[in-house]
Amino acid sequence: MARLRLALLAAALIAGGGAPPIRAQSAAPVNPRIALVIGESAYADATLTTPVNDAALVAQTLQAAGFDVAGARDLDEKSLRESLRDFLARAAAIGPDMQAFVYLAGRGVQYEGENFFAPVDAEIARDSDVPIEAVRISDFAHALSAEPGRARIVVLDAARAGPYAAEGPPLAGGLALVEPDEGELIAFNAAPGAVAGDEPGPYGAYAHALAGAMRQGGVPIEDALAQVRVRVNAETGGGQLPWSASKLAVPYYVFELAGDAPAPAIVAALAENALKPIRELPPGQAYVGALARDTLAGYSDFLAADPDAPEARRVRAMLAARREALYWRRAVALDMPPAYWTYLARYRHGPHVADAARRLAILSAPTAPPDGFAPLSYEDLPPPPANELADAERPVFNFAGADYGPPLDLAPSADDDWRHLPPPAPPVSVGLLPALAVALPLIPGARAYRDGGRRDGRAPPGAPEPLASIITAPPLPGGIEPRPPPRPAPLKPPLGVSRAISSAAETPANPDLKFPPLPPPRPTPFRNER
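When the letters of the sequence shown are read in order and numbered with the numbering used here, they come out as residues 1010 to 1539.
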């Protein structure tokens, strides 16, 4: 069944194109650690400042850790689909030791609860263009999870404002909250429904923090991503809140730690923080604790402990955005009229109103619920309080601005050579990622990790040093023939967050929807969702 599922989902990735057969170079590699890294910057309307540089930085970090990396930049739809297809073939050939890392930087969009990655030639004039012009990430992720392996990590550095769907119903902002498959970790550069702000470069805050955290030896990837969340939130003035969800069966390490090397100090600090209830943490540390947990309960506990804290206004907005994302996820999972009516009853002007109306039409159901409709009650997901709706009912989330108050930066600063890392050298060929201009600064004690059955993150005696001197671009994925972008675009940041919010706000969600008074809810059994 797994093979049949892989074949069907891989076919979906290349639907509509007469893709060539898998190339001979897709045969099983010796190295079980494989990675695919793609940066999309040269979009028709604008050349984004950081995604290609970000991809180069992440690629070289993974190369130093011993991954067999394939990388590319500025791919059109055909080449993007072929790259994903080739990676699935590589993963399928490895066997039960397979460890896959996928990093996609560029523009992502959500549509009807699914996330899509836009190639540089995507033309998305209306919402219905999304599944035609962009690549559905779940098709790829499910196919990857169907293959035997130890770990599958999918990172979407793609929650950015964009010009898509200027006609007709608006798209919800950012990326949709999704559930990883067993043995998989999914990470976003921003919270579900939120977008990252404009960045001057040379690297984006998320990629820079991600690669920096991954350099540490002996740190499980989930803990590294918690560090990334705290660091990025501090460096963006509280505006950006990375998100991740993991169903990895065992701890996974990008680098191991030499047996005699001390663990990074921030690891111990965050671990101690996590053991204490938020109400027992001192000011500042409580905010870091809430960010590291990144759950409804954690943010609620922070507000209950200190509702007048300097960060309380921002935390309320984070809590509102997460609750709305979870309500929408429940509606998509059930995919039945009462679930969509429940979302519309809770969030009458929420970011997913157009999605809900579209799904109701597909289900041949009216947009407004019948008289006497009782919204569904989710056992572990309380309805939003009235004072939360002002933060939740907006087209896209971003937590920057003086109105939210200043976050406290309590995470240790990055080392100087990492903080001032120069940009990569210019790319040498169409489609290739650039190479870093200097050898990757690595942390003493880190060791390349090949996963020989160990699970404690400590390297055995004689483990090899990381490949720090690599300053060449990774090879292209097998079988692709990259072409220059169809139209040159001026180098400028992406559509500003403020412009995206004001533009989306000009299209009302659906002001004519009328809802009857709501009777008490009836329960449905749902548990264990963040």
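Backbone N, C-alpha and C define an ideal beta-carbon position, used for all residues, glycine too.
Just so we're clear, the structure is a prediction, and the values are computed from it rather than from any experiment.
Anticipated Cβ contact below 8 Å, residue i with residue j, distance rounded
{"i": "Ala1081", "j": "Ile1489", "result": "7 Å"}
{"i": "Val1324", "j": "Leu1312", "result": "6 Å"}
{"i": "Asp1166", "j": "Val1129", "result": "About 15 Å separates the two Cβ atoms, so there is no contact after all."}
{"i": "Gly1182", "j": "Val1204", "result": "6 Å"}
{"i": "Arg1492", "j": "Gly1226", "result": "Actually they do not touch by this definition, with Cβ atoms about 40 Å apart."}
{"i": "Pro1393", "j": "Ala1329", "result": "7 Å"}
{"i": "Val1139", "j": "Ile1133", "result": "6 Å"}
For residue j and residue i, the rounded distance between their alpha carbons
{"i": "Pro1484", "j": "Asp1095", "result": "13 Å"}
{"i": "Ser1137", "j": "Ala1363", "result": "12 Å"}
{"i": "Leu1442", "j": "Ala1214", "result": "19 Å"}
{"i": "Pro1041", "j": "Asp1106", "result": "6 Å"}
{"i": "Pro1375", "j": "Tyr1349", "result": "11 Å"}
{"i": "Asn1407", "j": "Ala1472", "result": "43 Å"}
{"i": "Asp1412", "j": "Arg1322", "result": "8 Å"}
{"i": "Ala1222", "j": "Ala1233", "result": "5 Å"}
{"i": "Ala1270", "j": "Glu1123", "result": "43 Å"}
{"i": "Pro1475", "j": "Ile1452", "result": "10 Å"}
{"i": "Gln1236", "j": "Ala1301", "result": "7 Å"}
{"i": "Leu1045", "j": "Val1111", "result": "5 Å"}
{"i": "Ser1255", "j": "Gly1192", "result": "8 Å"}
{"i": "Lys1008", "j": "Ala1354", "result": "The structure shown has nothing for residue 1008, since the chain only spans 1010 to 1539."}
{"i": "His1217", "j": "Ala1064", "result": "10 Å"}
{"i": "Ala1444", "j": "Pro1469", "result": "31 Å"}
{"i": "Arg1161", "j": "Tyr1052", "result": "28 Å"}
{"i": "Glu1402", "j": "Phe1149", "result": "31 Å"}
{"i": "Ala1377", "j": "Tyr1458", "result": "55 Å"}
{"i": "His1151", "j": "Gly1307", "result": "30 Å"}
{"i": "Ala1068", "j": "Lys1285", "result": "36 Å"}
{"i": "Ala1272", "j": "Arg1331", "result": "32 Å"}
{"i": "Ala1131", "j": "Pro1404", "result": "22 Å"}
{"i": "Ala1326", "j": "Val1439", "result": "42 Å"}
{"i": "Glu1231", "j": "Val1259", "result": "11 Å"}
{"i": "Gly1505", "j": "Ala1365", "result": "Low local confidence applies: a pLDDT of 47 at Gly1505 is under 50, so the model's placement there is unreliable, with the coordinate-based value given in what follows. About 26 Å."}
{"i": "Ser1373", "j": "Glu1121", "result": "16 Å"}
{"i": "Phe1070", "j": "Ala1143", "result": "Here residue 1070 is Thr; the residue named in the question, Phe, does not match the sequence. Approximately 28 Å, taken between the alpha carbons."}
{"i": "Asp1310", "j": "Pro1291", "result": "14 Å"}
Coarse secondary structure for residue i, derived from DSSP in three states
{"i": "Ile1162", "result": "strand"}
{"i": "Gly1080", "result": "strand"}
{"i": "Glu1231", "result": "helix"}
{"i": "Ala1002", "result": "Since the first residue shown for the chain is 1010 and the last is 1539, residue 1002 is missing from the structure and cannot be characterised."}
{"i": "Tyr1215", "result": "helix"}
{"i": "Asn1242", "result": "helix"}
{"i": "Glu1333", "result": "helix"}
{"i": "Gly1075", "result": "coil"}
{"i": "Arg1325", "result": "helix"}
{"i": "Leu1153", "result": "helix"}
{"i": "Arg1099", "result": "helix"}
{"i": "Arg1135", "result": "coil"}
{"i": "Val1259", "result": "coil"}
{"i": "Gly1122", "result": "coil"}
{"i": "Arg1224", "result": "coil"}
{"i": "Ile966", "result": "Residue 966 lies beyond the range of the chain shown here (1010 to 1539); nothing can be said about it."}
{"i": "Gln1236", "result": "helix"}
{"i": "Tyr1052", "result": "coil"}
{"i": "Gly974", "result": "The structure shown does not extend to residue 974, since the chain is modelled only from 1010 through 1539, so no value can be given for it."}
{"i": "Arg1456", "result": "strand"}
{"i": "Glu1086", "result": "helix"}
{"i": "Ser1373", "result": "coil"}
{"i": "Gly1117", "result": "strand"}
{"i": "Ser1511", "result": "Residue confidence is low: Ser1511 scores 42 on pLDDT, short of 50, so the model does not pin down where it sits. Its coordinate-derived value is still stated next. In the structure shown, Ser1511 sits in a helix (DSSP, three-state: H, G or I)."}
{"i": "Gln951", "result": "Lying outside 1010 to 1539, the shown extent of the chain, residue 951 is not represented and no answer is given."}
{"i": "Ile1141", "result": "helix"}
{"i": "Leu1312", "result": "helix"}
{"i": "Ala1306", "result": "helix"}
{"i": "Leu1250", "result": "coil"}
{"i": "Arg1094", "result": "helix"}
Closer than 7 Å: residue i CB and nearest the ligand PLP heavy atom
{"i": "Thr1058", "result": "The ligand PLP is not part of the structure shown, which contains no ligands of any sort."}
**Segments of 4+ residues assigned as alpha helix (DSSP H) that fall wholly inside the segment 1387 to 1453** = Qualifying alpha helix (DSSP H) stretches, in chain order: 1398 to 1401, 1425 to 1428.
**Asked** Would you call the segment 1172 to 1183 and the segment 1150 to 1159 touching, i.e. three or more CB-CB distances under 8 Å?
**Response** At 8 Å Cβ cutoff, the stretches do not touch.
**Message:** For a minimum of 3 consecutive residues, which ranges assigned as the beta strand (DSSP E) are wholly contained in the segment 1339 to 1371?
**Reply:** Fully enclosed beta strand (DSSP E) runs of 3 or longer: not present.
**Prompt:** Touching or not, the segment 1334 to 1344 and the segment 1317 to 1325, by the rule of three or more beta carbon pairs under 8 Å?
**Reply:** No, because fewer than three Cβ pairs between the segment 1334 to 1344 and the segment 1317 to 1325 fall closer than 8 Å, the two stretches do not touch.
**Item:** Entirely enclosed alpha helix (DSSP H) segments - the segment 1262 to 1290, minimum 4 residues
**Value:** If we require 4 residues or more, the alpha helix (DSSP H) runs fully inside the segment 1262 to 1290 come out as 1274 to 1284.
**Message:** Below 8 Å, how does it come out for the segment 1227 to 1245 and the segment 1084 to 1095: are there three or more Cβ pairs, yes or no?
**Reply:** The segment 1227 to 1245 is not in contact with the segment 1084 to 1095.
**Request:** For the segment 1192 to 1206 and the segment 1249 to 1256, state whether three or more C-beta atom pairs, one from each stretch, are separated by less than 8 Å.
**Result:** Verdict: yes, contact present.
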